[in-house]
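Trainee:
In the numbering used here, the protein residues as written are 213 to 551.
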């Protein structure tokens, strides 16, 4: 009985639970976005004052799978309404909410910012919603054929009683799923820099490949478990964000992070993370100023933070800490070195 109690306590401390251990990672919902994987030519259509629709520019969308196709990464680049537009999204099925969560960052005018939508698929149609007191937004996927897809954006000002569509995308496949590799996602460099604030470059020291040690710690700081990871980092959406992927060789553990510097008041870094243990997005706000390199968790549970103790082009160290008994206790430590 004592051995069982100790094992359960260790599992809880390492961030798992009985329900986590019973998570079915093969449930079909995890791969409902497989139809979208690949590269696409996108014809944008806009509504006109007389209610008709017309073509409004052409774009390219690259949809890359991570986490064995359970995490879907979108890179969008093209023309809409006579201007250049860039966009990024990450989306995953949250088995606890039983919904898909969509994380988006479309840095219009060189000002990035994250937003989320949630929703599900039903009868071959995907609908995803963001709700505020004044306006509801709905993104829909329909007509999903192997080489063509329709997407539309609608809004409601009466809490969903009526909807107006304001943007349609018509996707035509230009490359198969097999062309969208992790090497391509992390190996290409954005030729342009859209976000030019000096602070937006504070995480460029991470770019490239790293060898990482992950330590899982008990309340006294003792190492309970240690694993070797590979990490890759790259700029996306024209240097308005940095993405990172940590993974063990056998992919039993994977952690994806994306971060942007948000210049609006209050100026801050906003980071989002998700791993292949529970598939839940977490949001973090923080600063990389000298003497204050920490990120406080913005989503529940709020009593967590990440502290960067070292950050340069050859070595980094950061800890995930939890507030317990009136003190910040390290739970995980990541130490990165160049190969």
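The beta carbon of each residue, even a glycine, is placed where N, CA and C say it ideally should be.
What would DSSP say about residue 391, mapped onto helix, strand or coil?
Mentor: Stepping through the chain shown from its first residue, residue 391 is reached at position 179. Helix.
Trainee: For residue 448 and residue 300, I'd like the C-alpha separation in whole angstroms.
Mentor: Within the chain shown, the letter at position 236 stands for residue 448. Within the chain shown, the letter at position 88 stands for residue 300. When rounded, the distance between both Cα atoms is 8 Å.
Trainee: Between the alpha carbons of residue 323 and residue 303, how many angstroms are there, rounded?
Mentor: What you label residue 323 is simply residue 111 of the chain shown in a count that begins at 1. What you label residue 303 is simply residue 91 of the chain shown in a count that begins at 1. Cα to Cα, residue 323 sits roughly 21 Å from residue 303.
Trainee: Give me whichever residues DSSP pairs with residue 409 in a beta bridge.
Mentor: Counting from 1 along the chain shown, the entry for residue 409 is found at position 197. Residue 409 is not bridged to any residue.
Trainee: Using a Cβ-Cβ cutoff of less than 7 Å, which residues in the same chain neighbour residue 420 once the five nearest sequence positions on both sides are dropped?
Mentor: Residue numbering aside, residue 420 sits at position 208 when the chain shown is read from its first letter. 445, listed in sequence order.
Trainee: Taking 8 Å as the cut-off, decide whether the C-beta atoms of residue 366 and residue 356 are in contact.
Mentor: Along the chain shown, read from residue 1 onward, the residue named residue 366 stands at position 154. Along the chain shown, read from residue 1 onward, the residue named residue 356 stands at position 144. No, they are not a contact pair.
Trainee: Have a look at 314, 283, 543 and flag the residue whose alpha-carbon is nearest the alpha-carbon of residue 434.
Mentor: Translated into the one-based positions of the chain shown, residue 434 becomes position 222. Taking only the C-alpha atoms, the option nearest residue 434 is 543.
Trainee: What is the rounded straight-line gap between the Cα of residue 308 and the Cα of residue 490?
Mentor: By 1-based counting over the chain shown, the position of residue 308 is 96. By 1-based counting over the chain shown, the position of residue 490 is 278. Taking the straight line joining both Cα atoms gives about 8 Å.
Trainee: Thinking C-beta only, is residue 331 closer than 8 Å to residue 338?
Mentor: Here residue 338 refers to the residue found at position 126 when the chain shown is read from its first residue. Here residue 331 refers to the residue found at position 119 when the chain shown is read from its first residue. It is a contact, given that the beta carbons lie within the stated cut-off.
Trainee: Given a cut-off of 8 Å on the beta-carbon distance, is the pair residue 452 and residue 397 in contact?
Mentor: Along the chain shown, one-based indexing puts residue 452 at 240. Along the chain shown, one-based indexing puts residue 397 at 185. Against a cut-off of 8 Å, the Cβ pair of residue 397 and residue 452 comes out as no contact.
Trainee: Taking the C-alpha atoms as reference points, what is the distance between residue 283 and residue 380?
Mentor: Counting from one through the chain shown, the residue named residue 283 turns up at place 71. Counting from one through the chain shown, the residue named residue 380 turns up at place 168. Taking the straight line from one Cα to the other gives about 24 Å.
Trainee: Which residues in the same chain have their Cβ closer than 6 Å to the Cβ of residue 364, if we skip the five residues on either side of it in sequence?
Mentor: On the chain shown, position 152 is the one that residue 364 refers to. The answer, listed in chain order, is 352, 377, 380.
Trainee: Going residue by residue through the region 265 to 298, where are the continuous beta strand (DSSP E) segments of at least 3 residues, counting only ones entirely within it?
Mentor: Qualifying beta strand (DSSP E) stretches, in chain order: 265 to 278, 283 to 292.
Trainee: Taking its Cβ as the centre, do 16 or more other Cβ atoms sit within 10 Å of residue 432, making it buried, or is it exposed?
Mentor: Within the chain shown, the letter at position 220 stands for residue 432. Classification for residue 432: exposed.
Trainee: Taking Cβ to Cβ, would you say residue 485 is nearer than 8 Å to residue 506?
Mentor: Taking the first residue of the chain shown as 1, we reach residue 485 at position 273. Taking the first residue of the chain shown as 1, we reach residue 506 at position 294. No, they are not a contact pair.
Trainee: Using a threshold of 8 Å, state whether the C-beta atoms of residue 418 and residue 429 are closer than that.
Mentor: Mapped onto the chain shown, residue 418 falls at position 206. Mapped onto the chain shown, residue 429 falls at position 217. No.
Trainee: Could you please give me the residues that DSSP links to residue 442 through a beta bridge?
Mentor: Taking the first residue of the chain shown as position 1, residue 442 is located at position 230. Bridge partners of residue 442: 423, 459.
Trainee: Residues bridged to residue 328 by DSSP?
Mentor: Translated into positions along the chain shown, residue 328 becomes position 116. DSSP lists 315 as partners of residue 328.
Trainee: Tell me which residues share the same chain as residue 220 and place their Cβ nearer than 6 Å to its Cβ, disregarding the 5 neighbours each side in the sequence.
Mentor: For the purposes of this step, residue 220 is taken as the residue at position 8 of the chain shown. Caution applies to residue 220, whose pLDDT of 30 falls short of 50 and renders its modelled position unreliable; the value that the coordinates give is listed next. Cβ within range, chain order: n/a, list empty.
Trainee: Would you mind sorting residue 536 into buried or exposed? The rule is 16 or more other CB atoms within 10 Å of its CB.
Mentor: The residue you call residue 536 lines up with position 324 of the chain shown. So residue 536 counts as exposed.
Trainee: Taking all protein chains shown into account, do 16 or more other C-beta atoms lie within 10 angstroms of the C-beta of residue 498, making it buried, or fewer, making it exposed?
Mentor: The count along the chain shown starts at 1 and reaches residue 498 at position 286. Answer is buried; the Cβ neighbour count reaches 16.
Trainee: Can you tell me whether residue 248 is helix, strand or coil according to DSSP?
Mentor: Here residue 248 refers to the residue found at position 36 of the chain shown. In the structure shown, residue 248 sits in a helix (DSSP, three-state: H, G or I).
Trainee: In angstroms with no decimal places, state the Cα-to-Cα distance between residue 295 and residue 477.
Mentor: Start at 1 with the first residue of the chain shown, and residue 295 comes out as number 83. Start at 1 with the first residue of the chain shown, and residue 477 comes out as number 265. When rounded, the distance between both Cα atoms is 26 Å.
Trainee: For residue 267 and residue 292, which I take to be in contact (beta-carbon distance under 8 Å), what is that distance rounded to the nearest angstrom?
Mentor: Position 55 of the chain shown, counted from the start, is the residue given in the question as residue 267. Position 80 of the chain shown, counted from the start, is the residue given in the question as residue 292. So it is not a contact: roughly 10 Å between Cβ atoms.
Trainee: Buried or exposed, going by whether 16 or more other CB atoms sit within 10 Å of the CB of residue 533?
Mentor: One-based indexing of the chain shown puts residue 533 at position 321. Buried, by the Cβ-count rule.
Trainee: What are the partner residues of residue 447, as DSSP defines its beta bridges?
Mentor: Start at 1 with the first residue of the chain shown, and residue 447 comes out as number 235. Partner(s): 454.
Trainee: Measuring alpha carbon to alpha carbon, tell me which of 473, 358, 409 ends up nearest residue 387.
Mentor: Looking up residue 387 in the chain shown gives position 175. The residue with the shortest Cα to Cα distance from residue 387 is 358.
Trainee: Work out the CA separation of residue 257 and residue 348 for me, nearest whole Å.
Mentor: For the purposes of this step, residue 348 is taken as residue 136 along the chain shown, with counting starting at 1. For the purposes of this step, residue 257 is taken as residue 45 along the chain shown, with counting starting at 1. So the two alpha carbons sit approximately 21 Å from each other.
Trainee: Leaving out five residues on either side along the sequence, give the residues of the same chain with a beta carbon under 6 Å from the beta carbon of residue 342.
Mentor: The count along the chain shown starts at 1 and reaches residue 342 at position 130. Hits under 6 Å: 329, 349.
Trainee: From the DSSP output, read off the bridge partner residues of residue 434.
Mentor: Position 222 of the chain shown, counting from 1, holds the residue named residue 434. Paired residues: none, contrary to the question.
Trainee: If we call anything under 8 Å between Cβ atoms a contact, is residue 529 one with residue 547?
Mentor: Walking along the chain shown from the start, residue 529 turns up at place 317. Walking along the chain shown from the start, residue 547 turns up at place 335. Yes.
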